[in-house]
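Novice:
Number of protein chains: 2
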Amino acid sequence: MFKLDARLEADTLLIHDLPLCRVLLMNDSQFPWLILVPRVEGVTEIIELSDEQQQQFLAESAQVSRLLQAQFTPDKLNVAALGNVVSQLHIHHVARYKSDIAWPKPIWGAQPVVAYSQDTAAELVTALKKALAE
Amino acid sequence: MFKLDARLEADTLLIHDLPLCRVLLMNDSQFPWLILVPRVEGVTEIIELSDEQQQQFLAESAQVSRLLQAQFTPDKLNVAALGNVVSQLHIHHVARYKSDIAWPKPIWGAQPVVAYSQDTAAELVTALKKALAE
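Protein chains in written order, with the numbering used here: chain V, 167 to 300; chain C, 167 to 300.
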């Protein structure tokens, strides 16, 4: 049975379950940052998903990418499956700006997280949930 | 017409052209590191590829991922489309080890490149070309 990794659970806010992936908002107000977690037990690499699951992942990754572009108008998307710290397969989708604090470097492990205020987080979760469920 | 970005060309060695993507070896002996560049002009995000091209990219990404696992037996793969420095769409596929110099951090922009010796590069290119063409 699928169980979300404890570190991912602690660092994120739940947005929505798509057919394959759980969509999480990283609780870091410095970047619009969504994480897709395929709800499949014991998987650490994209190529460990079945062909059907890989197809579905591709579709959901595209949906989330378009959502980030529509909602945040970034200069660039960063899409990455790293997993060096948390091995449970999860794929980062980050809206990057030339003006953001880490640009042009990658964001991971580069600067301390700045959590959203409770109000902002609640608004953002509601807006993203609505956009994804449409 | 597709033309490889000058920075990518300078930093890498040509391995092979798959049906969609050019496969490059990053000239950094610290990590087994392949880069897929879809031979499509003017594309900076995966979602800008057509549906058919996205399918083909998924297949070629899986092929390259399996090749890295087979040849290098890494602890983890890192697969990432960043493009903050070079905007031409290119997708990193990196074999990571718990013992590598950057672990568990991402490798990009973190430490100076250490180029392969000419002999090692030639051997590696030959071996990878053969494995990809099979």
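We put the CB at the ideal spot given by N, CA and C, even for glycine.
Hey, residue 212(V) and residue 245(C): beta-carbon distance below 8 Å or not?
Specialist: yes
Novice: Identify, in the order they occur along the chain, each residue of the same chain with its Cβ nearer than 6 Å to the Cβ of residue 233(V), setting aside the five sequence neighbours on each side.
Specialist: 297
Novice: Can you name the residues of chain C whose CB is closer than 8 Å to the CB of residue 274(V)?
Specialist: Going along chain C in sequence order, the residues near residue 274(V) (Cβ under 8 Å) are 271, 272.
Novice: Is it buried or exposed for residue 180(C), if we count other Cβ within 10 angstroms and need 16 for buried?
Specialist: Label assigned to residue 180(C): exposed.
Novice: With residue 245(V) as the anchor, note down where its beta strand (DSSP E) starts and where it stops.
Specialist: 242 to 247
Novice: Would you mind telling me which residues of chain C sit closer than 8 Å to residue 201(V), beta carbon to beta carbon, in chain order?
Specialist: Result: empty, since nearest Cβ-Cβ is about 14 Å, beyond 8 Å.
Novice: Closer than 8 Å between beta carbons: that is the criterion. Which residues of the stretch 239 to 258 of chain V meet it against chain C?
Specialist: 242, 243, 244, 245, 246, 247, 248, 249, 250, 251, 253
Novice: Starting from the C-beta of residue 295(C), find all residues in its chain whose C-beta is less than 7 Å away, skip the five residues before and the five after it, and write them out in chain order.
Specialist: 181, 182
Novice: Residues of chain C with a CB under 9 Å from the CB of residue 300(V): which are they?
Specialist: The contacting residues do not exist; residue 300(V) stays about 17 Å from chain C at best.
Novice: Can you tell me whether residue 272(V) is buried or exposed, with buried defined as 16 or more other CB within 10 angstroms of its CB?
Specialist: The residue is buried, with at least 16 neighbouring Cβ atoms inside 10 Å.
Novice: Output the boundary residues of the beta strand (DSSP E) element that contains residue 188(V).
Specialist: Taken as a continuous stretch (DSSP letters only), the beta strand (DSSP E) holding residue 188(V) covers 187 to 192.
Novice: Okay, do the stretch 283 to 294 of chain V and the stretch 184 to 195 of chain V touch, 3+ Cβ pairs below 8 Å being the bar?
Specialist: Here the stretch 283 to 294 of chain V makes contact with the stretch 184 to 195 of chain V; the two share three or more CB pairs at distances below 8 Å.
Novice: Ignore the nearest five residues each way along the sequence and tell me which others in residue 199(C)'s own chain have a CB closer than 6 Å to its CB.
Specialist: Once the five neighbours on either side are set aside, the close Cβ partners of residue 199(C) are 192, 260.
Novice: Would residue 231(V) count as contacting chain C if we go by Cβ distances under 8 Å?
Specialist: yes
Novice: Who are the neighbours of residue 220(C) on chain V, taking C-beta pairs under 8 Å?
Specialist: 224, 228
Novice: According to DSSP, residue 204(C) sits in a beta bridge with which residue or residues?
Specialist: 187(C)
Novice: Whose CA, out of 242(C), 227(C), 221(C), lies closest to the CA of residue 201(C)?
Specialist: 227(C)
Novice: Out of 251(C), 265(C), 276(C), 264(C), which one is the CA nearest neighbour of residue 263(V)?
Specialist: 251(C)
Novice: Going along the chain, which residues of its own chain have a beta-carbon closer than 7 Å to the beta-carbon of residue 177(C), five neighbours each way excluded?
Specialist: 192, 193
Novice: Under 8 Å between the Cβ atoms of residue 274(C) and residue 248(C)?
Specialist: yes
Novice: Hey, would you say residue 210(C) sits closer than 8 Å to residue 255(C), going by beta carbons?
Specialist: yes
Novice: On the DSSP bridge assignment, give the partners of residue 199(C) in chain order.
Specialist: In the DSSP output, where bridge partners are listed per residue, residue 199(C) has 260(C).
Novice: Roughly how many angstroms separate the alpha carbons of residue 221(V) and residue 206(V), rounded to a whole number?
Specialist: 14 Å
Novice: By the DSSP assignment, the alpha helix (DSSP H) with residue 239(V) in it spans what residues?
Specialist: Unbroken run through residue 239(V): none, as it is neither H nor E.
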